[in-house]
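Visitor: Quick one: the structure is below, and I'll ask about it shortly.
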Amino acid sequence: MAEAQRMTADADGGMTVNLGPQHPSTHGVLRLMVQLDGEYVRSCEPVIGYLHRGLEKMFEARPYRQLVPFTDRLDYLASLNCNLAISQAIERLGSVSVPERAQYIRVVLCELNRLASHLVFFGTYAQDIGATTAFLYAFREREKILDLLEAMTGARLTYNWIRPGGVPADFPDGFAEGVRAFVSAFVKELPSYDNLLTNNPIFRMRTEGVGVVSRDAAIAFGASGPMARGSGLDFDLRKTEPYEIYERLEFDVPVFNEGDCFARYRVRMEETVQSARIIEQCLRDIPPGDTMTKMPKVFKPPVGDAYSRTESPRGELSVYMRSNGSPTPERVHVRAPSFAHLSMLPCLLRGVKLADVIAILGSQDTVLGEVDR
Amino acid sequence: MALGAGEDALKTAGGDRIESLVADESGVRLKVTPSALRSVCFVLRDHVDLKFGYPADLCATDTGTEIHLWYRLWSPEHNRRAILDVVVPSDSPSVPTVSDIWPGFDWFERECFDMFGVRFEGHPRDGDPARMRILLPEDWTGHPFRKDYKPVFSGDPLHGPQETN
Amino acid sequence: MTAGSAGLSPSARGPSGGAGIAGRIAAGSVVALIGLALASVGCNLVARFVEGSPLTEVVGDHPLLNALVKSFIVANFVTLHVLFLIWWERKFAGWIQARLGPKHVGWNGLAQTVADAVKLLVKEDIIPAKADARLFVIAPFLAFMPTLLTFMVLPFSATWVGYDFGLAVLFALAVSTNVSLGILAAGWGANNKYSLLGGARACAQVLAYEIPLAISILAVVAISGSLSLVDIVESQARLWNIAAHAPVMIPAFAIFLICALAELNRTPFDLPEAESELVSGFHTEYSGMRFAFFYLAEFANNFFMAGLAVTLFFGGWHGPLLAGPVWFTAKTLVIVTLIMWIRWTVPRFRVDQMMGFCWKVLVPLSLVVFCAAALWSVRVQ
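Note that the protein sequences, when read in sequence, are chains S, L and U.
Per numbering that gives the first Met the number 0, the very first residue in the first sequence carries number 0; after that it's consecutive.
Per numbering that gives the first Met the number 0, the very first residue in the second sequence carries number 0; after that it's consecutive.
Per numbering that gives the first Met the number 0, the very first residue in the third sequence carries number 0; after that it's consecutive.
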């Protein structure tokens with residue numbers, strides 16, 4: 000262990016502060032080496048890899064159907080979306096068709112997960128800015144979603160429920176009614192939660208004009224999801240390249256042009272309302288039928304590759320999968336939205352005040368599981 | 000032609016270094032040699048019919064003798080996808096960087112180096128392997144996703160194999 | 000295959016409906032009133048005992064013994080009361096956040112703070128390597144001592160006051176500023192850049208907000224005509240200041256409250272200990288009893304500032320039926336609850352916004368209020 004040092008200033012008079020890897024606000028094990036000049040950030044370097052588990056290499060050693068539980072640990076706040084991404088890739092490799100009812104169920108589950116993930120964002124972002132109470136309200140609502148998902152899948156965070164071929168089982172008794180009741184109650188209560196922050200002058204002072212990402216910068220860095228839609232880039236994979244049954248659904252994609260933290264926050268809040276709409280439509284239109292296409296015990300897809308793109312709560316989550324005819328994949332690559340967003344940080348944080356660093360980091364809503372894999 | 004004048008521009012930029020080019024309504028897939036990469040990329044990004052300004056993904060696969068790289072791009076204006084394949088020999092893989100063309104590829108290139116040992120000439124951290132690595136610790140030796148990687152755990156699993164493979 | 004129906008009803012809401020809450024408020028009020036009445040009786044008994052006993056004559060005349068006894072009483076009162084305040088903060092925060100707060104340790108969680116204090120006492124005393132050990136060790140005391148000192152001039156009733164003299168207000172202001180010395184020492188001594196940032200921010204904040212605080216207090220002084228806190232309260236014998244001179248006192252109280260929040264490092268001004276940014280700000284490196292001192296100092300300061308507000312604006316110990324000290328404590332607790340309410344509702348300011356607000360808004364506003372108070376006092380006289 001290195002000997003402790005008396006803290007010193009840098010040679011040019013600035014101060015290097017380490018934000019993380021253990022820090023209440025970096026939302027995971029992210030290390031930000033920030034060079035400060037008083038309160039202003041001169042430069043910053045994100046250091047990642049603390050959560051690197053070599054998932055992509057582990058995928059190469061396992062049969063296809065064992066890959067899904069690993070993806071839970073990627074974006075663990077929206078694990079059903081990750082399950083969906085890899086299941087779609089496997090299905091495309093093997094040309095497996097998914098029954099229609101299963102597709103509806105998948106959409107319902109993914110949108111519920113999106114709601115839960117955005118609630119976590121709402122609570123933790125409020126807490127980062129200082130309003131601790133909103134955190135508890137958000138988690139109380141999320142608890143209801145987790146109860147519903149636990150009744151269906153048996154798990155609260157890592158669901159492992161969207162598998163190649165469909166979903167393992169149908170809705171349990173009372174699930175649809177429970178979801179409908181929750182969604183209608185949530186939509187009624189959302190304005191009061193939103194009000195806590197959106198109409199709060201201090202919150203707006205902290206987030207408006209802070210961390211502005213121009214549309215060109217968003218495109219050049221590969222920003223997706225709310226990061227892109229908060230900067231005026233109308234890019235939602237559910238609309239531009241629909242998967243599952245999204246093209247049958249009616250929903251809006253909120254886009255704000257300011258590009259600041261407040262715009263990204265508004266995008267996510269509006270998205271929760273749209274998710275509620277999607278869930279209601281799915282529950283209304285869901286057809287009866289099978290929930291799973293039988294997959295062979297040893298799944299050996301033909302040689303080739305497949306690419307699956309999904310819109311996770313964070314952005315474009317894609318999985319590339321390559322098969323060489325054997326029971327295990329030759330290569331699996333996961334493209335995580337938070338990876339691209341974090342790479343924007345050095346540019347985004349230059350010249351910004353220290354308190355704004357936290358606001359900007361929170362508004363990116365990164366999950367280190369998918370960044371580090 | 001599905002891409003209009005864009006296809007011609009690509010052929011002009013790459014010449015015979017474009018090994019294959021397939022274009023349709025949904026996008027273009029082309030395979031180039033490393034030397035043509037940058038000129039083709041500029042055309043892909045800037046030409047008015049192409050406008051692939053969004054860097055989606057950079058992935059690499061080790062097939063034993065070769066490392067296949069491919070770049071995925073998207074055009075916000077035309078809602079089209081582009082896939083760029085580049086193949087390099089796996090003993091000393093080296094490719095010019097595109098991180099100045101699309102800043103989003105910066106970290107993807109770092110990850111590619113970290114896992115496959117592919118050198119990206121011109122990258123700001125090129126030549127400094129410790130700083131170029133992104134996911135693995137700076138003092139890690141070896142590139143794990145390569146087929147010839149043999150992990151040797153000598154004591155401390157946090158710092159990877161201490162001898163070269 | 001169904002997967003069971005556990006937890007499907009959307010009834011994961013709070014415990015009870017409207018009738019239950021009204022019933023609980025009624026029950027709580029009754030308990031509070033009974034408690035206040037008993038406390039009143041207790042205060043009267045103590046006062047009679049103290050006045051009648053021969054011990055008082057001996058101690059009352061001897062300056063050193065007098066000072067020692069009074070300091071002993073004040074110090075004990077402050078520390079014990081802080082235990083109660085911490086419990087109240089946690090309960091109140093819990094209710095705002097739709098949960099219950101401490102419940103298990105002691106009746107309704109009252110002994111929770113005692114349990115926490117014991118835990119903190121038995122913790123390992125860590126002094127970071129290369130920390131400035133002298134500063135690091137002395138900082139908690141530097142933070143706690145001024146708070147104790149200020150309690151000497153806080154009047155709980157006409158006779159229940161540590162030491163009232165003609166310059167009590169000035170004394171209170173001057174001494175309470177010294178807390179920033181302790182914060183700065185903690186920030187520097189801990190060999191931690193987070194602490195340094197927190198300490199620097201705290202110092203800047205406290206010094207900046209002292210000015211509108213002092214000016215708003217001066218507005219009250221201008222109308223009451225005396226710097227002695229006992230005299231200020233006596234001048235409110237008929238009607239509280241905030242009602243008697245409302246057009247001036249209400250803005251003065253508003254400014255006082257905002258500045259008090261800043262002095263106390265309370266949200267929305269809690270940047271120095273902004274948990275999400277600086278881990279714990281200037282007390283990041285403190286653990287065990289040293290940390291407890293900062294915590295105690297913060298809550299004691301809370302009580303003092305609220306007590307000062309009650310003294311200046313809300314009639315001090317005046318009130319029907321119940322004894323003076325009981326009224327004073329009750330009113331102070333109401334103000335403390337208001338401070339807590341603000342803390343758990345509002346997000347925090349950024350440094351430059353906070354400083355800008357002070358210098359560009361509060362200082363001019365407090366000067367205007369002071370001039371208005373001066374004119375009003377001429378009118379009143």
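Here a beta-carbon is modelled for each residue, glycine too, at the ideal position from N, C-alpha and C.
1. Decide if U:W106 is buried, meaning its Cβ has at least 16 other Cβ atoms within 10 Å, or exposed.
2. Tell me whether U:L120 is buried or exposed, calling it buried when 16 or more other Cβ atoms sit within 10 Å of its Cβ.
3. S:A88 to S:A133, Cα distance in whole Å?
4. At a CB-CB cut-off below 8 Å, which residues of chain U make contact with S:A125?
5. Report, in whole angstroms, the separation of the C-beta atoms of S:T365 and S:S337, which I expect to be a contact under 8 Å.
6. Output the distance between the C-alpha atoms of U:V137 and U:L183, rounded to the nearest integer angstrom.
7. Cutting at 6 Å between CB atoms, please list the residues of its own chain near L:D84, excluding the five before and the five after it.
8. Does the distance from the CB of U:L311 to the CB of U:N240 come in under 8 Å?
9. Mind the definition here: the segment 67-83 of chain S touches the segment 152-161 of chain S only if three or more C-beta pairs lie below 8 Å; say whether that holds.
10. If you draw a straight line from the C-alpha of S:E38 to the C-alpha of S:L353, how long is it?
11. Only counting the same chain, and skipping five residues up and downstream in sequence, which positions put a Cβ closer than 7 Å to that of S:F261?
12. Please specify which runs of the alpha helix (DSSP H), each continuous and at least 4 residues long, are wholly inside the segment 96-147 of chain L, giving them in chain order.
13. Residues bridged to S:V178 by DSSP?
14. Between S:I47 and S:L66, how many whole angstroms is the CB-CB distance? I'm expecting something under 8 Å.
15. Just by C-beta distance, which residues in the segment 92-105 of chain U are closer than 7 Å to chain S?
16. Using only the alpha-carbon positions, how far apart do U:V205 and S:A137 sit?
17. Name the one or two DSSP bridge partners that U:G224 has.
18. Return yes when the Cβ of S:M14 is within less than 8 Å of the Cβ of U:K192, no when it is not.
19. Would you call S:I104 buried or exposed, if buried means 16 or more other Cβ atoms sit within 10 Å of its Cβ?
20. U:Q235 and U:G355 - do their beta-carbons sit closer together than 8 Å?
21. Straight-line CA distance for U:A371 to U:V247?
22. Any beta carbon of chain S sitting closer than 8 Å to that of U:V136?
23. Restricting to runs no shorter than 4 residues, where is the alpha helix (DSSP H) found entirely within the segment 160-221 of chain S?
24. If the cut is a Cβ gap below 8 Å, which residues of chain S does U:R349 touch?
25. Measure from the C-beta of U:W343 to each C-beta in chain S and report whether the shortest distance is under 8 Å.
26. If we ignore side chains and look at the alpha-carbon of each, how far apart do S:G53 and S:R372 end up?
27. Do S:L135 and U:A97 count as a contact pair if the criterion is CB distance below 8 Å?
28. Counting pairs of Cβ atoms below 8 Å between the segment 203-219 of chain U and the segment 360-375 of chain U, do you hit three or more?
29. To the nearest angstrom, how far is it from the Cα of S:R214 to the Cα of S:L236?
30. By DSSP's criteria, S:K143 is part of a beta bridge. Which residues make up the other side?
31. If you compare alpha carbons, which of S:A184, S:K296, S:H51 and S:R139 is closest to S:E279?
32. Would you mind giving the Cβ-Cβ distance between U:A259 and U:L212, rounded to the nearest angstrom? I have them listed as a contact below 8 Å.
33. Residues in the segment 212-240 of chain S with C-beta within 7 Å of chain L's C-beta atoms, listed in sequence order?
34. So which residues of chain S does U:Q352 contact, with C-beta pairs closer than 7 Å?
35. In the DSSP output, what is S:M14 paired with across the bridge?
36. Please decide whether S:G303 counts as near chain L, where near means a Cβ-Cβ distance under 8 Å.
Guide: With the structure as the only source:
1. exposed
2. exposed
3. 38 Å
4. P346
5. 4 Å
6. Checking the displayed sequence, the identity of residue 137 of chain U turns out to be Ile instead of Val. Their Cα atoms are separated by approximately 11 Å.
7. K30 and W69
8. yes
9. yes
10. 6 Å
11. R203, T206 and E207
12. 104-115 and 128-131
13. According to DSSP, which records beta bridges pairwise, S:V178 is partnered with nothing at all.
14. 23 Å between Cβ atoms; not a contact.
15. I95, Q96, A97 and R98
16. 33 Å
17. Answer by DSSP bridge pairing: none, since U:G224 is not bridged.
18. yes
19. buried
20. no
21. 7 Å
22. no
23. 174-197, 200-206 and 214-220
24. M204, R205, K352, A354 and D355
25. yes
26. 6 Å
27. yes
28. yes
29. 17 Å
30. Paired residue(s): none; S:K143 is not in a bridge.
31. S:A184
32. 7 Å
33. I218, A219, F220, G221, L232, F234 and T239
34. M204
35. S:L35
36. no
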